[in-house]
Structures are given as C-alpha cells and as structure tokens.
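See below for the structure under consideration.
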Amino acid sequence: MNLEIGLRKGIIKNEFTVHYQPQVDILSGTVVGVEALLRWQHPQLGLISPAEFIPLAEETGLIIPIGEWVLREACRQNKEWQDANLPPMRIAVNISTRQFQQSGFVEVVSRALKDTGLEPKYLELELTESIVQNSVHAIAIMHKLKEMGLFLSIDDFGTGYSSLSYLKLFPIDSLKIDQSFTRNLMEDAKDEALVHTIINMAHNLGLKVIAEGVETGEQLQYLLQRHCNEAQGYYFSKPVPPDNISNLLGSVS
Ligand code: G
Ligand code: G
Ligand code: MN
Ligand code: NA
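Residue numbers (full-length UniProt numbering): 504 to 756.
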C-alpha cells in the first residue's frame with residue numbers, strides 16, 4: 504500500500520481519532536491535564552501508530568491539515584468535557600515544527616479556540632527542540648501565543664540537537680522530561696542524575712517540569728522527592744479513547 508495515498512484518503516474518510524493520556528499533579532494526585540495522541544484507524548491495516556505516519560505526514564506537508572484537525576478536535580473535546588462539568592484541565596497537543604512554521608499558524612490556533620469556545624489557558628502546545636531552527640521567527644510566534652494566554656512546553660526535552668541557550672529566549676512554561684530518561688531512573692545512576700538535574704534546571708528557570716513514561720510507583724516516589732511537578736505514563740494510564748477519561752478524573756494515585 505502507498506502510505507501517502509492512504510494518508511490522503513484517511514483525511515477525507517475521517518479515519519483519524521484522538522486518544523488521551525492523563526497528566527497528574529504529583530503532590531495532589533489529581534489529573535491536571537491530558538495529552539492528545541493521534542491514532543489512525545486504517546480500514547485494512549488496523550490501528551497505525553503516529554510514529555509510523557507522522558514522519559511521512561511531515562515530509563509531504565500533510566501534517567498541516569492533519570495537525571489542524573487534531574488541534575480542533577482536542578479543543579472541541581476539552582470544551583465538551585467542561586460543558587459536562589468535569590473538572591477543568593489543560594489539553595496538550597503535539598505540534599510538528601513544520602506545522603508551527605507554516606504561515607498563519609497563530610490564526611489556525613486562535614480560530615480553533617474561537618470556534619470551539621475553549622479558553623486559551625486550557626490549551627497547551629507541545630513543541631520540540633527542533634523548533635530552534637529559524638528561532639527568530641519561532642520566538643515571535645511563541646510570544647504571540649503567550650499573549651493569547653496559551654501554555655507552551657518543550658516535549659522530549661534533552662533528546663534534540665539544540666543548545667541550552669534557547670531556554671533563555673523562549674517564552675515557555677514547562678519542560679517535558681523524555682521517557683528515555685525516566686525509563687531506567689531507578690537502575691541507572693546517569694539517568695537519575697539527568698532527571699534530577701533537569702528538574703532543578705527547570706525550577707531555577709522558573710519553569711514547571713513533567714516526567715513522561717512513568718511506569719512504577721518507585722519512579723513516582725523518586726519524582727515526588729525531587730519536587731517534579733507532574734507525571735504522565737502507564738503507571739496512571741495508557742492513552743485511552745475520550746469516553747474513558749471521565750473515569751480517570753479526580754484522584755488516580
Ligand atoms: O502516541 P504514541 O502513542 O505512539 O505517539 C508516538 C509519537 O507520535 C510521539 O512522538 C508523539 O509525540 C507523536 N504524536 C502523537 N500524536 C501527534 C500529533 O497529533 N501530532 C504530532 N505532530 N505528533 C504526534
Ligand atoms: O513524543 P511524545 O512524548 O509525545 O510521545 C508520547 C509517546 O509515549 C506515545 O507514544 C505514548 O503512547 C507513549 N507513552 C506514554 N506513556 C508511556 C509509558 O509509561 N511507557 C512507555 N513505554 N511509553 C509511553
Ligand atoms: Mn508529546
Ligand atoms: Na516525549
């Protein structure tokens with residue numbers, strides 16, 4: 504099968520869905536956000552992971568319509584949860600650098616918020632370090648998004664090729680510690696040192712910090728002792744369809 508043709512058809516035929524993974528405030532144990540994670544339900548091949556099709560979507564530019572669809576769907580879903588009187592929380596959407604750099608990205612975001620009625624403070628954009636390319640443009644866009652009231656974070660922190668100097672320049676709110684550091688936290692002294700150091704660095708810069716890929720109570724306990732703010736991972740829940748989220752709200756730990 505030609506994946507690109509499949510992707511184009513998938514957009515038209517509505518084959519995409521979004522799953523959601525809770526993000527938990529470590530001190531209170533409450534869900535304070537969810538990350539939107541795209542899923543492709545292919546008619547023949549079944550569920551295809553974004554890891555398999557996002558790179559192609561980026562190369563072909565199809566990430567622009569797909570990314571806009573995810574953004575709108577996530578905003579719509581969060582507003583629906585709020586209208587159903589679930590506790591208000593942030594929804595985090597992954598943004599490809601290519602999508603971020605398209606002209607009119609700020610307008611795409613503001614239209615999604617306006618059309619769905621979601622308040623900007625309940626929308627988080629997860630950006631990656633590759634955004635540092637063309638950083639003058641990126642910083643200007645980030646400032647516009649911050650003025651609108653959005654929450655901005657750096658995803659997969661520490662796995663890109665960038666220098667740390669961008670941390671002084673980017674108007675961001677939080678760092679997401681990549682799961683490759685969290686995974687062997689309790690067994691590998693170097694991973695432990697990196698996680699500890701990222702938490703302290705984030706706090707010294709006035710940023711929040713969230714650990715991804717938390718799978719065990721021991722990892723969570725460690726993160727609590729180190730004052731990491733939030734955690735996300737299979738320990739709490741894998742990404743689930745939207746209907747399952749209401750069961751997870753409130754206290755999960
Ligand atoms: O959800 P995991 O479930 O398999 O996601 C795999 C990868 O795909 C992760 O790196 C994740 O950030 C990325 N991803 C998931 N959903 C989206 C999306 O809507 N847009 C972009 N750009 N990346 C996504
Ligand atoms: O790049 P990004 O951080 O957006 O990727 C999120 C990816 O991590 C998704 O593929 C999601 O399914 C996966 N994921 C989330 N929690 C865990 C976890 O606890 N362990 C592992 N191995 N993967 C996880
Ligand atoms: Mn992410
Ligand atoms: Na990550």
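Ideal Cβ positions, reconstructed from N, Cα and C, are used throughout, including at glycine. Please read these numbers as outputs of a predicted model, since none were measured by experiment.
Short of 7 angstroms from the beta carbon of P591, and not among the five residues preceding or following it, lie these beta carbons of its own chain, in chain order: Q585, Y625. As for any alpha helix (DSSP H) of minimum length 4 sitting wholly inside the region 646-680, the runs are 669-672, ordered along the chain. Relative to ligand 1, the beta carbon of N588 is positioned no closer than 7 angstroms to any heavy atom. For N505, there is no enclosing beta strand (DSSP E), since its DSSP letter is neither H nor E. When the Cα atoms are used, A692 and I702 turn out to be separated by approximately 15 angstroms.
Residue L630 holds the alpha-carbon nearest to the alpha-carbon of I680 among L630, S749, W543.
8 angstroms or more divides the Cβ of K741 from the Cβ of Q580.
Set against 7 angstroms, the gap from the CB of V573 to the closest heavy atom of ligand 1 is smaller. Judged by pairs of C-beta atoms under 8 angstroms, the region 659-666 does not touch the region 640-647, as fewer than three such pairs exist. No heavy atom of ligand 3 is found nearer than 7 angstroms to the CB of D691. Under the three-state reduction of DSSP output, F739 falls in the coil class, being neither helix nor strand. A straight line joining the alpha-carbon of E650 with that of L621 spans about 16 angstroms. According to DSSP, residue pairing for H699 in a beta bridge does not occur.
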